[in-house]
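Residue numbers (full-length UniProt numbering): 1 to 169.
To start, the structure itself, in structure tokens.
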């Protein structure tokens, strides 16, 4: 065990950081902040939406861009994200963008999103980040009966006799 680096206090080495321990890695980032700022300033981010959405700072910038931009920007982002929706729902950062898109989507867009991910619902739900995205999707599709039926139709969601009585959802 290495020497405890916590002032003059004599702590058990299991509770304190030692010299031999490596520092924690910072959050993953595929882009430098300056790169992201330049892409958003020049509107060249649209060709990298998938990669940006998996980056912590990039995901935040995309969400902010969706808040301030018009429907044409939302449509561009939606088309790119929906193709990768299953993977992004399970991503530590991409799931936040997916949830933002769900909140902003109209019923037709929600239906497209449900169609893209319904067959992967179980695996998405079993993922820590994906579970949050699925919960948001369930909350939002309640107003769209076709989407709700499609979402709860997988065999794993059927009742013991194959019925879909989900009145308590």
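Every residue gets a Cβ at the ideal spot worked out from N, C-alpha and C, and that includes glycine.
{"Item": "Identify whether residue 22 lies in helix, strand or coil by the three-state DSSP scheme.", "Value": "Annotation note: pLDDT 42 at residue 22 (below 50); position unreliable, coordinate value reported separately. Coil, per DSSP."}
{"Item": "Output the distance between the C-alpha atoms of residue 70 and residue 42, rounded to the nearest integer angstrom.", "Value": "16 Å"}
{"Item": "So is residue 80 in contact with chain E if we call contact Cβ pairs under 8 Å?", "Value": "Of the chains in the structure shown, none is chain E; there is only one protein chain."}
{"Item": "Am I right that residue 117 and residue 85 are in contact with their C-beta atoms under 8 Å? What's the rounded C-beta distance?", "Value": "5 Å"}
{"Item": "Does the segment 89-97 come close enough to the segment 107-116 that 3 or more CB-CB pairs lie under 8 Å?", "Value": "no"}
{"Item": "Span of the alpha helix (DSSP H) holding residue 75?", "Value": "71-83"}
{"Item": "What would DSSP say about residue 101, mapped onto helix, strand or coil?", "Value": "helix"}
{"Item": "Rounded to a whole number of angstroms, what is the C-alpha to C-alpha distance between residue 99 and residue 75?", "Value": "15 Å"}
{"Item": "Straight-line CA distance for residue 53 to residue 139?", "Value": "23 Å"}
{"Item": "Who are the near neighbours of residue 112 in its chain, counting only those whose CB is closer than 7 Å to its CB and skipping five residues on each side?", "Value": "82"}
{"Item": "Considering only C-alpha positions, which residue in the set 64, 133, 68 is nearest to residue 94?", "Value": "133"}
{"Item": "Pick from 127, 137, 110: whose alpha carbon is nearest that of residue 78?", "Value": "110"}
{"Item": "Would you say residue 63 and residue 96 are within 8 Å of each other, going by their C-beta atoms?", "Value": "yes"}
{"Item": "Over the uninterrupted alpha helix (DSSP H) stretch that includes residue 92, give me the two end residues.", "Value": "Counting along the chain, residue 92 falls outside any alpha helix (DSSP H), and DSSP gives it neither H nor E."}
{"Item": "For residue 143, count the other beta carbons within 10 Å of its own beta carbon; 16 or more makes it buried, fewer makes it exposed. Which is it?", "Value": "exposed"}
{"Item": "Residue 49 to residue 36, Cα distance in whole Å?", "Value": "11 Å"}
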